[in-house]
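One structure below.
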Amino acid sequence: MALIVHKYGGTSMGSTERIKNVAKRVAKWHDAGHQIVVVPSAMSGETNRLLGLAKEIMAQPDPRELDMIASTGEQVSSALLSMALHAVGKEAVSYAGWQVAIKTDSAHTKARIASIDDAKVRADLDAGKIVIITGFQGVDELGNITTLGRGGSDTSAVAVAAAMKAQECLIYTDVDGVYTTDPRVVSDARRLKTVTFEEMLEMASLGSKVLQIRSVEFAGNYRMPTRVLSSLTDPLIPLEEEMNSGTLISFEEDTHMEQATITGIAFNRDEAKITVFGVPDKPGIAYQILGPIADANIEVDMIIQNQSVDGKTDFTFTVPRGEYAKAMQVLEGSVKEHISTGSIIGDPKVSKVSVVGVGMRSHVGIASQMFRTLSEESINIQMISTSEIKISVLIDEKYMELAVRSLHKAFGLESTEGN
Ligand code: ADP
Ligand code: ASP
Ligand code: MG
């Protein structure tokens, strides 16, 4: 008998029919003698609908109130799943984050989990019940409901699994694993049987939304075996088959990984680029520009400072597209008050495409192959950044899908037999 945590995403919980299927699958695992904790997301589209209602009232609602509304989606799906389990003869109980409690900091809409008290959950499991815990939400020290950022149910699930020392965390979703790239963009993308934790961390941070980045951090920090698999198969397929399906995040670089130089291609459509022209080239200038941006809680990603000419230089950086307007306001306001600059020009229609692979450590020429492929498609590279296991380029968003497809092909990632 093992303790297993299941997480079901929005599509998997998307209708009462689908929820009944989830109940059948969960009941199958329970029948096999396992203790099961289930972490559901809101039904698909529901979180967007709730946040949309808020935006109809005002453009920038109070984040505390946004969390109050957004967290309700998971409460609904959790209770429906509990009922669906009762309907198939199982004892089940659902809890909101604050009831468990899943304690977080107070950073509304992007809170971080601080601790999980599992006493109540353990008691229920020991009494033979299936426990359902809402994904995406927690409670801060003052008792305010918080949410963990979009895609945060992944993080709830892995954090619960880690806190309870579960044997495995199974992330059920609408694809049957982690692919070389988003299978919705490249139809012959290949499913990976395993992906190293480091690669998954890079892919998630570079835009692969299949797992929220913080869930991968939790998996890594606690070495929690985590598997991404399909919720859309027949819920009654043999347990053995299901246990070995999907993609396992591994903590070792095994030998077959070494052969592949590139494991996957990630992309992020939601980037924006800002250039501040004609700033004086003297110590402290990067701080004077980026300090106020950081103070406004805006995350900066890529940065370039050009060679100076006549004591002046240009400074370019990227921010998430949703923060673009705010970043421009900060520059036109507090930054311009303190330093003299030329014009400030932004482009909110840029995307980032990245190739990722631990094999890069032992292979040279990956960057040149990437740049050659993009040049053959006449795609202009606006910025470049690298780490030990990834190379990212910023390009015009118009060419993003073309870039992903041609790189996928150039690095030989298409589906073939014998992965
Ligand atoms: P859920 O609602 O189950 O959390 P998400 O929509 O958050 O599902 O994540 C699953 C989606 O992630 C897939 O439908 C797929 O389009 C997308 N995705 C992006 N990159 C990848 C990748 N490398 N492998 C698999 N899926 C990916
Ligand atoms: N329902 C939340 C969202 O849509 C959390 C999740 O699905 O993981 O972002
Ligand atoms: Mg998700």
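In the numbering used here, the protein residues as written are -12 to 406. Each residue gets a CB set at the ideal place from its N, CA and C atoms; glycine is no exception.
By Cβ distance, which residues of its chain are closer than 6 Å to residue i, with the 5 residues on each side in sequence left out?
i     : result
I200  : A191 and S192
V(-8) : V24, A144, V147, A148, A153 and C156
F264  : D301, G329 and S330
L226  : A19
I332  : T262
N8    : P222
L67   : I6
So residue i and residue j are in contact, right, with Cβ under 8 Å, and what is the actual spacing, rounded?
i    : j    : result
V165 : V215 : 5 Å
T133 : D54  : 5 Å
S28  : Y159 : Contact flag wrong, Cβ pair sits at about 10 Å.
L188 : M289 : About 18 Å; that fails the 8 Å criterion.
V182 : T234 : 6 Å
D169 : S402 : With 8 Å as the limit, D169 and S402 do not qualify as a contact, their Cβ atoms being about 14 Å apart.
A83  : Q62  : 6 Å
Looking at residue i and the ligand ADP, is the gap between the Cβ and the nearest heavy atom below 7 Å?
i    : result
T170 : Looking at the sequence provided, one finds Pro at residue 170 rather than Thr. Checking every heavy atom of the ligand ADP against the Cβ of P170, one is found closer than 7 Å.
V342 : no
S58  : no
Within the same chain, show all residues whose beta-carbon is closer than 7 Å to that of residue i, passing over the 5 residues directly before and after it, in chain order.
i    : result
G1   : M30 and S31
S102 : K90
V13  : H(-7), I23, V25, L72 and I117
I407 : Nothing can be reported for residue 407: it is not among the residues displayed for the chain, which extend from -12 to 406.
Does the ligand ASP have even one heavy atom less than 7 Å from the beta-carbon of residue i?
i    : result
A206 : no
T220 : no
R137 : yes
A29  : yes
G1   : no
Which residue's Cα is closest to the Cα of residue i: the options?
i    : options                   : result
S140 : G122, M151 and E310       : G122
D257 : P27, T305 and A57         : T305
R137 : R171, L68, I376 and L37   : L37
E412 : S64, A259 and S341        : Limits of the chain in this structure are -12 at one end and 406 at the other, which puts residue 412 out of reach.
V345 : E239, R178 and D18        : E239
Y209 : Q356, T250 and I236       : I236
L394 : E363, E384, D383 and Q369 : E363
I285 : K299, Q294 and R308       : R308
R348 : G333, Y274, S338 and T373 : T373
D268 : G278, A281, Q294 and G251 : Q294
Is residue i near the ligand FAD - that is, is its Cβ less than 7 Å away from at least one heavy atom of it?
i     : result
G(-4) : For the structure depicted, the ligand FAD is absent and the ligand set comprises only the ligand ADP, the ligand ASP and the ligand MG.
Would you please verify whether the beta carbon of residue i is less than 8 Å from any beta carbon of chain B?
i   : result
L67 : Checking the listed chains, one finds no chain B in this structure; it contains a single protein chain.
May I ask you to check if the CB of residue i is nearer than 7 Å to at least one heavy atom of the ligand MG?
i    : result
I115 : Note that residue 115 is Gly in the sequence shown, not Ile. Result no, Cβ not under 7 Å from the ligand MG.
K196 : yes
D161 : no
D257 : no
G164 : no
For residue i, collect the residues of the same chain with a Cβ closer than 8 Å to its Cβ; drop the 5 residues on either side in sequence, then sort them by chain order.
i      : result
M(-12) : G20, H21 and Q22
Give, in chain order, every unbroken run of the beta strand (DSSP E) that is at least 3 residues long and sits entirely within the region 178 to 228. 181 to 183 and 213 to 217
Ignoring anything shorter than 3 residues, give me the beta strand (DSSP E) runs that lie fully in the region 278 to 305, in order along the chain. 290 to 292
Run through the region 109 to 184 for me and flag every whole alpha helix (DSSP H) of 4 or more residues, listed as ranges in chain order. 140 to 150
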